[in-house]
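Residue numbers are given in my numbering: position 202 of the sequence shown equals residue 209, and the series is strictly consecutive. Glycine is no exception: its CB is placed at the ideal position from the N, C-alpha and C atoms. Before any comments, here is the structure.
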Amino acid sequence: MAFIDTPLASVDAYVEFVSAQDVPVLRQTIREFEMLREQDSTGARHVAAAVLADPLMTMKLLTTLQARRGSRQNRDITTVERAVMMMGLTPFFETFSRMTTVEERLAAHPQALVGVLKTIGRARRAAHFARDWAILRHDLDVDEITVATLLTDAVEIMCWTFAPAMTLRVFEMQRANRWLRRSEAQRTVFGATAQEIQEALVRAWKLPELLITLMDTDQADNPRVRNVLLAADLARHLQTGWDNDALPDDVAEVGRLIHMSPEQLLARLGTPAEEFHRFFPPAT
8 MAFIDTPLAS
18 VDAYVEFVSA
28 QDVPVLRQTI
38 REFEMLREQD
48 STGARHVAAA
58 VLADPLMTMK
68 LLTTLQARRG
78 SRQNRDITTV
88 ERAVMMMGLT
98 PFFETFSRMT
108 TVEERLAAHP
118 QALVGVLKTI
128 GRARRAAHFA
138 RDWAILRHDL
148 DVDEITVATL
158 LTDAVEIMCW
168 TFAPAMTLRV
178 FEMQRANRWL
188 RRSEAQRTVF
198 GATAQEIQEA
208 LVRAWKLPEL
218 LITLMDTDQA
228 DNPRVRNVLL
238 AADLARHLQT
248 GWDNDALPDD
258 VAEVGRLIHM
268 SPEQLLARLG
278 TPAEEFHRFF
288 PPAT
């Protein structure tokens, strides 16, 4: 299996390398598909739920559909359930019947496998936050917000998958210096940030323009985009625990987005009672 062990010359070189690989999926995803294929009652919604549990499978499905797009399709497919319905269940299962698993690919890199699983867990948590807030905001299409948030860290997951040793180095640098930003560490090790690679990759793979926009940090003034970005930020900061210094600002920003008081939002997020004091100024 091919891995990136030394920095490549450019962002385009990373995109070219990843585009030439078979993107793996979680072993659990394959098991779910095998089970669903045997059930007579399986519908697009059941399959979509299995896909949405795996950011790599979500990316794989949407980009496969875009690559097969016919001249008669004049509208982008921006949600997983619609994508499954567009393909049809039988063609879907036939197309995705023989896939490599992340666990197989990283069998010799156990630390990287842990990194992948943690990042996928963070992406799922972010998507859960984003969906909840989108519902509260009465968003035009909650499923689009969910998919965009799930894919926000897709390239970081791919970095663990295709460049495990280099990605581990990034996290070791951050452990040694808690003030070092992840983007700075990525640039030191890779010569580019995951964000830069992702922006190029989603365009090279022709991800639907709406989803690209929803992940665009330059458009954070758009409430839908802010919904996605704040969910990703909150999930990332919570990885280190409720004592993360960035969380009070996150909570304040989310509260403004969904028009909810800090007390209500913290309760909705399941914040431990002993951590509430960190989100309020001391009494004078």
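| Item | Value |
| --- | --- |
| Where do the ends of the alpha helix (DSSP H) carrying residue 234 lie? | 230 to 245 |
| Kindly indicate which residue of 166, 129 and 209 has the alpha-carbon position closest to the one of residue 73. | 209 |
| Just grab the DSSP bridge partners of residue 108 for me. | 32 |
| Would you kindly work out how many angstroms separate the C-alpha atoms of residue 165 and residue 102, rounded to a whole number? | 21 Å |
| Does the region 88 to 95 come within contact of the region 164 to 180, defined as at least 3 CB pairs closer than 8 Å? | no |
| Apart from the five residues on each side of it in sequence, which residues of its chain come closer than 6 Å, Cβ to Cβ, to residue 57? | 39 |
| Between which two residues does the alpha helix (DSSP H) harbouring residue 270 extend? | 269 to 275 |
| Could you round the C-beta distance between residue 119 and residue 160 to whole angstroms and report it? I think they count as a contact, below 8 Å. | Actually they are not in contact, since the Cβ atoms of residue 119 and residue 160 sit about 15 Å apart, beyond 8 Å. |
| Which one of 12, 112 and 245 has the shortest CA to CA distance from residue 278? | 245 |
| Whole angstroms is fine: what's the gap from residue 259's alpha carbon to residue 46's? | 46 Å |
| Assuming residue 203 is part of the alpha helix (DSSP H), what are its boundary residues? | 201 to 211 |
| Please name the residue in 53, 196, 12 and 149 whose C-alpha comes closest to that of residue 24. | 12 |
| Shortest alpha-carbon distance to residue 261 belongs to which of 34, 143 and 162? | 143 |
| Does the pairing of the region 30 to 37 with the region 105 to 123 give three or more beta-carbon distances under 8 Å? | yes |
| Answer with buried or exposed for residue 122, where buried requires no fewer than 16 other C-beta atoms within 10 angstroms of its C-beta. | buried |
| Counting along the chain, where does the alpha helix (DSSP H) carrying residue 265 start and finish? | 254 to 265 |
| With distances taken between CB atoms, is the gap from residue 191 to residue 18 smaller than 9 Å? | no |
| State yes or no: is the C-beta of residue 201 within less than 9 Å of the C-beta of residue 10? | no |
| Assuming residue 235 and residue 156 are in contact, meaning their beta carbons sit under 8 Å apart, how far apart are those beta carbons, in whole angstroms? | 5 Å |
| Between residue 214 and residue 70, how many whole angstroms is the CB-CB distance? I'm expecting something under 8 Å. | 6 Å |
| Out of curiosity, what's the CA-to-CA distance linking residue 186 and residue 170? | 24 Å |
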